[in-house]
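Report on the structure given below.
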Amino acid sequence: MLKAEDIERERQVVLEEISRKEDTPESLIRDLCTESVWEGNPAGYPVLGTKETVSQLSKDEIEEYFRRHYTPRRIVVAAAGAVNHDDFVGTLERYMTEKREGVPPSRLAPAYRRSVRFFERDTSQVQICIVSEGSAYGDRSRRALTLLSSHLGRGSSSRLFQEVREKKGLVYSIYTHTLSLKDCGLFGVFAGTSRSKVEEVLDITLRELENIRTGGLEPEDLEKVKHKTVGELTLNMESSTARMRLLGVSALRLGRVQTIDEIIGDLEAVTLDEIEALAERIFNRRRVSVIALGLPEDTAAKIEKFV
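First residue of the sequence shown: 1, per my numbering; consecutive thereafter.
Okay, here's the thing in structure tokens:
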């Protein structure tokens, strides 16, 4: 099925990609975050694998994995743009005729565990990730999380950007990110700063999360972030690539296709009470994790007491 020389060539490509990620702290910190809070669960493993696992994979193992999992019944094909639905489906039906059922992968939903971990590395900046449990893809709270994330860390008008960068000048970049899988999710704040400023960045960021947890959002702030998020979504969906991705991801994670109007309706329906309930759950200091890359050991001990 696969040529040995092709596998070896691609193996070297992937090993180089792993090396590039290891040399890019802004990317590596994301892997360290999921690995830390979902420790021991495959959902926390790096998508690329490790140099050790990639080096050890054999041709037989790759082909067996392909036979077990890559079957027509387990593949979602999505298309958007200048395509005729009936013609497209007809073409797929001609080529995807194999009847193998395949083997459903065993999946254990990862359990979030609070983690405070520091990784020493010789870098000019410390990369910080403040992460908490988020929302699964199908959870109603995911729309509230989208709005909360946008309010806190999406764009130059966001709360953390204003407080940490514009008012204090402590970072060049600070932003939030959400990850929603079929049965679990994470919310994270990411920032890079000098070693001497780590404590202050953590202090301000954790304080802002606590302020949201105890005080919620003002009604006008919720309306602003709804308008902003719906506008960004509408603009993004002018791209056929974005529409294709929405079709595929929602089919995989929900078992059905979501429409843009449905998503907009869900966003506009989010209430202040939902925001407050979500913030109470995910911003509880005893549940918030802190992961940092680039802290020397002596500084790490000091920061660990702080968080």
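We put the CB at the ideal spot given by N, CA and C, even for glycine.
For clarity, every value in this text was computed on a predicted model and none was experimentally measured.
Take G169 as the anchor and find which of R142, K21, E200 and G185 has the nearest alpha-carbon.
Locating residue 169 in the sequence shown gives position 169, where the first residue counts as 1. Comparing Cα positions, the closest option is E200.
Check A78 in the structure and name its three-state DSSP category.
Along the sequence shown, read from residue 1 onward, the residue named residue 78 stands at position 78. DSSP places A78 in coil when its eight states are reduced to three.
Hey, could you find the ends of the beta strand (DSSP E) R117 is sitting in?
Position 117 of the sequence shown holds residue 117. Taken as a continuous stretch (DSSP letters only), the beta strand (DSSP E) holding R117 covers V116 to F119.
Which of the three DSSP states, helix, strand or coil, is assigned to E63?
As a first step, residue 63 is located in the sequence shown; it is residue number 63 there, counting from the start. Residue state, collapsed to three classes: helix.
Should the region 256-276 be called in touch with the region 95-112, which here means at least 3 C-beta pairs below 8 Å?
no
For V116, which residues in the same chain have their Cβ closer than 7 Å to its Cβ, ignoring the five residues on either side in sequence?
In the sequence shown, counting from the first residue as 1, residue 116 sits at position 116. The beta carbon of V116 sits closer than 7 Å to the beta carbons of S289, V290, E304 and V307 from its chain, once the five residues preceding and following it are set aside; these are given in chain order.
Quick check on DSSP: helix, strand or coil for F88?
The residue you call residue 88 lines up with position 88 of the sequence shown. Correct three-state label for F88: helix.
Count the C-beta pairs between the region 168-183 and the region 125-140 that are closer than 8 Å, then say yes if the count reaches three, no if not.
yes
Quick check on DSSP: helix, strand or coil for G192?
Counting from one through the sequence shown, the residue named residue 192 turns up at place 192. Note: G192 maps to strand in three-state DSSP.
With C-beta atoms as the reference, is G134 less than 8 Å away from L145?
For the purposes of this step, residue 134 is taken as residue 134 along the sequence shown, with counting starting at 1. For the purposes of this step, residue 145 is taken as residue 145 along the sequence shown, with counting starting at 1. In this structure, L145 lies closer than 8 Å to G134 by Cβ.
Can you tell me whether A4 is helix, strand or coil according to DSSP?
Taking the sequence shown and counting its residues from 1, the one referred to as residue 4 is at position 4. In the three-state reduction of the DSSP assignment, A4 falls in the helix class, which pools H, G and I.
DSSP state of C33, grouped into three classes?
Along the sequence shown, read from residue 1 onward, the residue named residue 33 stands at position 33. Correct three-state label for C33: helix.
Identify the continuous beta strand (DSSP E) that holds A292 and give its terminal residues.
Residue 292 sits at position 292 when you count from the first residue of the sequence shown. Segment S289 to L293, the beta strand (DSSP E) holding A292.
Is it true that the region 291-298 meets the region 124-131, where meeting means three or more beta-carbon pairs spaced less than 8 Å apart?
The region 291-298 is in contact with the region 124-131.
Taking E133 as part of the beta strand (DSSP E), name the residues at either end of that continuous run.
Working through the sequence shown from its first residue, we reach residue 133 at position 133. V126 to E133 is the extent of the beta strand (DSSP E) around E133.
Mapping DSSP to helix, strand and coil, what is G185?
As a position in the sequence shown, residue 185 is number 185, starting the count at 1. Of the three classes helix, strand and coil, the one that applies to G185 here is strand, per DSSP.
Just verifying my parser: in three-state terms, what is the DSSP assignment at L217?
Stepping through the sequence shown from its first residue, residue 217 is reached at position 217. Three-state DSSP puts L217 in coil, outside helix and strand.
Please classify L206: does DSSP put it in a helix, a strand, or coil?
The sequence position of residue 206 within the sequence shown is 206, counting from 1. L206 falls in the helix class under three-state DSSP.
Excluding five sequence neighbours on each side, which residues of the same chain lie with their C-beta closer than 7 Å to the C-beta of P110?
For the purposes of this step, residue 110 is identified with residue 110 of the sequence shown, where counting begins at 1. If we look at P110 and ignore the five residues flanking it on each side, its Cβ neighbours are W38, N41, A43, G44 and C184.
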